[in-house]
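Asks:
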Amino acid sequence: MDSQTDFASLKLAQPLLRAIADSGYSQPTPIQRQAIPHVLQGRDLLAAAQTGTGKTAGFTLPILHMLAAAGRASKPGRPRCLILTPTRELAAQVEDSVRTYGKYLPLRSMVMFGGVNINPQFTALRSPVDILVATPGRLLDHVGQRSVDLSGVEILVLDEADRMLDMGFIRDIRKVLALLPAKRQNLLFSATFSDEIRRLAGDLLHDPANVEVARRNAPAEIVEQSVHLVDRSKKRALLSHLIGSQRWTQVLVFTRTKHGANRLAEQLGRDGIEAMAIHGNKSQGARTRALGAFRDGSLPVLVATDIAARGLDIDQLPHVVNYELPNVPEDYVHRIGRTGRAGSPGSAITLVEPEERKLLTAVERLLGRAIPQVEIAGHTGWSGKPETEPEHPGEFRARTGQRPARSGGAPRNAGSGRPAGTGSGRNRGRGPAPARQDGRGDGHRGREFQPNRGARG
Ligand code: AMP
């Protein structure tokens, strides 16, 4: 069988190959092909890879292989492998993968994260555990209670290390590192490489192998993006109209705040559209239920904040709506990267109120091109301040149809992908001052990655 041949050539054990075949994977993804041999050799690894590349199997498969091959019996509360993740959802998903791929191996895994009762975790830690997947805060709670013993960790994984730093976990991570045995294998996965990540990698990794994969897609290039200029007071009606008239059955809507997410979910409910909000104030149970219903198609609309959406394994969506633009333009790229299914690009629609004009300009600078604007009769348009008034001359050319001179090529018009039937919309070619001169403009921060060899601190 193909799947066996390809994964088998990576020299993974039979029980893993069986589990892979059960999962229906026919070929390793590029990150898996590159990372697995290094990990199996026992090397430290610095991997530039985003969610959606198959990175989770890229580390769980070789780890399971090595732990099974070593054949040592695990002890209660004393894991041999520690996987740290930024969010509860990611922790749960990673541990799911460990279970899925390890189902024919006699290895035990456990997941722990905050926001849930700690007592069942105490109970679980009284049993042997080989692989512990944890968020840093709750792990340190257990360390404080002496319910977990990290002195037996042979392999450490930092998954989505950039997100962990974004979320302020650096001190917790360093505390955890101090508790680990000096001799161990370290794997660091990150989508982006800031100076802080490089410093952490330099301190942590010994002569690491470097692997880098292009992101699964360059969302800014293939996602059908459009903007509706709309007054704040009309956003909700427009969203309900879009969902109803397009018969969207699975749409992820982003708001800036938790409160905004709650309110919007309620308002959509009053419009007869079933929606749930997912954010940090929700209990783990509520989050899991909402996510489950959204995944299986019984809940058409999930309203999320950026933080809550991080680590959710819900990319490949048909539709993403930015109900509000993020304060950080890079978050726009993360958000829209969740759309697009095999063979069909997703749509990313952004509702922009007058006060968000500068945020839109910032996003367009990052993309290196304008996002087509689409009108919907009776729904879009700004009242009040005229839209054409440029804040900085040359920066904002809405409605003039004029393109500024660009050195990076004419703006590609993703508007050919304007969602069918969004009214009598016309795409307006306009552009911000181009920020990039390379014509790439895919907002791909991952490519800033440079191998960091042996820069140990
Ligand atoms: P990840 O980047 O680890 O979040 O994985 C993204 C998705 O790819 C998950 O839904 C995996 O189940 C799936 N996946 C992982 N490895 C493969 C593979 N070799 N072939 C097809 N799908 C895969």
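Residues in the sequence shown are numbered consecutively from 21, following this note's numbering. Using N, Cα and C, we set each Cβ at its ideal position, and we do this for glycine too.
DSSP beta-bridge partners for residue 68?
Replies: 210 and 232
Asks: Less than 8 Å separating the beta-carbons of residue 372 and residue 337?
Replies: no
Asks: Kindly provide the ranges of any alpha helix (DSSP H) runs that are 4 or more residues long and lie completely inside the region 328 to 402, ordered along the chain.
Replies: 349 to 356 and 377 to 387
Asks: Grab the span of the beta strand (DSSP E) containing residue 129 for me, first residue to last.
Replies: 129 to 132
Asks: What does the Cβ neighbour count give for residue 107, buried or exposed, with the cut at 16 atoms within 10 Å?
Replies: buried
Asks: Tell me the residue span of the beta strand (DSSP E) that contains residue 244.
Replies: 244 to 249
Asks: Assess, as a yes-or-no matter, whether the region 194 to 202 is touched by the region 148 to 166 under the definition of 3 or more beta carbon pairs within less than 8 Å.
Replies: yes
Asks: Excluding the 5 residues preceding and the 5 following residue 130 in the sequence, name in chain order all residues of the same chain whose CB lies nearer than 6 Å to its CB.
Replies: Setting aside the 5 residues that flank it on each side, residue 130 is surrounded in the same chain by 144, 149 and 152, each with a C-beta closer than 6 Å to its C-beta; the list follows chain order.
Asks: Hey, residue 244 and residue 68 are a contact pair by Cβ (cut 8 Å); roughly how many whole angstroms apart?
Replies: Not a contact, Cβ separation roughly 27 Å.
Asks: Would you decide whether residue 210 is buried or exposed? Buried here means 16 or more other CB atoms lie within 10 Å of its CB.
Replies: The residue is buried, with at least 16 neighbouring Cβ atoms inside 10 Å.
Asks: When every heavy atom of the ligand AMP is checked, does at least one fall within less than 7 Å of the C-beta of residue 212?
Replies: no
Asks: Using 8 Å as the threshold, is the region 348 to 362 in touch with the region 295 to 309, meaning 3 or more CB pairs across them?
Replies: The region 348 to 362 vs the region 295 to 309: no contact.
Asks: Give me the Cα-Cα distance between residue 60 and residue 121, rounded to the nearest whole angstrom.
Replies: 16 Å
Asks: Which runs of the beta strand (DSSP E), 3 residues or longer, sit entirely within the region 45 to 100?
Replies: 65 to 68
Asks: Residue 149 by DSSP, collapsed to three states: which one?
Replies: Look at residue 149 here: in three-state DSSP terms it is coil, with no helix or strand label.
Asks: Compute every distance between the C-beta of residue 343 and the non-hydrogen atoms of the ligand AMP, then say whether any falls below 7 Å.
Replies: Outside the cutoff, so no.
Asks: Here's a check: name, in chain order, each residue in its chain whose Cβ is nearer than 6 Å to the Cβ of residue 228, leaving out the five neighbours to either side.
Replies: 64, 65 and 66
Asks: Using only alpha-carbon positions, find the residue among 339, 224, 275 and 40 that is nearest to residue 119.
Replies: Comparing Cα-Cα distances from residue 119 to each of 339, 224, 275 and 40, the minimum goes to 40.
Asks: With which residues is residue 271 paired in a DSSP beta bridge?
Replies: 321 and 339
Asks: So what does DSSP say about residue 177, is it helix, strand or coil?
Replies: strand
Asks: If you drop the 5 nearest sequence neighbours on each side, which residues of the same chain put their C-beta closer than 6 Å to that of residue 379?
Replies: 345
Asks: Taking a contact to mean a Cβ-Cβ separation below 8 Å, would you say residue 176 touches residue 216 in this structure?
Replies: The Cβ atoms of residue 176 and residue 216 do not sit closer than 8 Å to each other.
Asks: Taking 7 Å as the cut-off, is the C-beta of residue 77 nearer than that to any heavy atom in the ligand AMP?
Replies: yes
Asks: Could you pull out every residue in the same chain whose Cβ sits closer than 7 Å to the Cβ of residue 260, ignoring the five residues on either side in sequence?
Replies: 288, 291 and 293
Asks: Sort 123, 324, 395 and 156 by Cα distance to residue 299 and report the nearest one.
Replies: 324
Asks: Can you tell which of 83, 265 and 304 has its C-alpha closest to the C-alpha of residue 101?
Replies: 83
Asks: Determine which residues share a DSSP beta bridge with residue 217 and list them.
Replies: Residue 217 is not bridged to any residue.
Asks: Using the rule of at least 16 other Cβ atoms within 10 Å of the residue's Cβ for burial, across every protein chain shown, is residue 320 buried or exposed?
Replies: buried
Asks: Going by alpha carbons, who is nearest to residue 383 out of 220, 246 and 252?
Replies: 246
Asks: Quick check on residue 92: buried or exposed, where buried means 16 or more other Cβ atoms within 10 Å of its Cβ?
Replies: exposed
Asks: By Cβ distance below 6 Å, which residues in the same chain neighbour residue 30 in space, the five residues on each side in sequence not counted?
Replies: Closer than 6 Å at Cβ, skipping near neighbours: 56.
Asks: Cβ-heavy atom distance between residue 48 and the ligand AMP below 7 Å?
Replies: Residue side-chain check: residue 48 places its Cβ nearer than 7 Å to a non-hydrogen atom of the ligand AMP.
Asks: In angstroms with no decimal places, state the Cα-to-Cα distance between residue 123 and residue 96.
Replies: Residue 123 and residue 96 have their C-alpha atoms spaced approximately 20 Å apart.
Asks: Here's the rule I'm using: 16 or more other beta-carbon atoms within 10 Å means buried, otherwise exposed. How should residue 46 be labelled?
Replies: exposed
Asks: Between 170, 221 and 181, which lies nearest to residue 201 when the distance is taken from Cα to Cα?
Replies: 170
Asks: Distance, Cα to Cα, residue 256 vs residue 400?
Replies: Straight-line Cα distance between these residues: approximately 12 Å.
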